[in-house]
Amino acid sequence: MKNVEFANLGKYLKEKRVKAKMTQTELADTLGSVHTQFVSNWERGLCAPPGHCFQNLIGILKLNRADLVIEMLEDSKKIIELKVYNKKPSRSKTV
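Position one of the sequence shown corresponds to residue 25 (my numbering), numbered consecutively onward.
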């Protein structure tokens with residue numbers, strides 16, 4: 025099983041990129057400092073964007089900061105469940 029620690033964030037970023045009618049390549053080019061493969065990795069939940077990219081992503085994809093934080097908190101909850109409590113992550117989304 026793949027280790028997908030940022031699945032919620034990745035899904036959220038992909039939805040927003042698609043809604044903005046951008047390809048992964050276009051997003052990477054617009055960000056300027058990342059390769060298309062990094063965007064793909066974010067969207068697949070393999071890693072989170074580096075901190076310096078978040079402000080640009082918020083502007084480019086018109087992200088809602090509160091929604092972004094919620095997605096990141098959900099992923100953090102899953103990481104804690106997996107690593108600290110050694111149990112399967114819950115599937116329910118609590119807000």
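Ideal Cβ placement from N, Cα and C applies to all residues, glycine included.
| Asked | Found |
| --- | --- |
| Best match in 109, 31, 110 and 108 for proximity to residue 69 [C-alpha to C-alpha] | 31 |
| Beta-carbon proximity check, residue 33 vs residue 66, cutoff 9 Å | yes |
| Nearest to residue 38 (by Cα), restricted to the options 109, 76, 81 and 100 | 81 |
| Span separating the alpha-carbon of residue 63 from that of residue 41 | 10 Å |
| Under 9 Å between C-beta atoms of residue 77 and residue 58 | yes |
| DSSP state of residue 96 mapped onto helix, strand, coil | helix |
| Local conformation of residue 63 per DSSP, three classes | helix |
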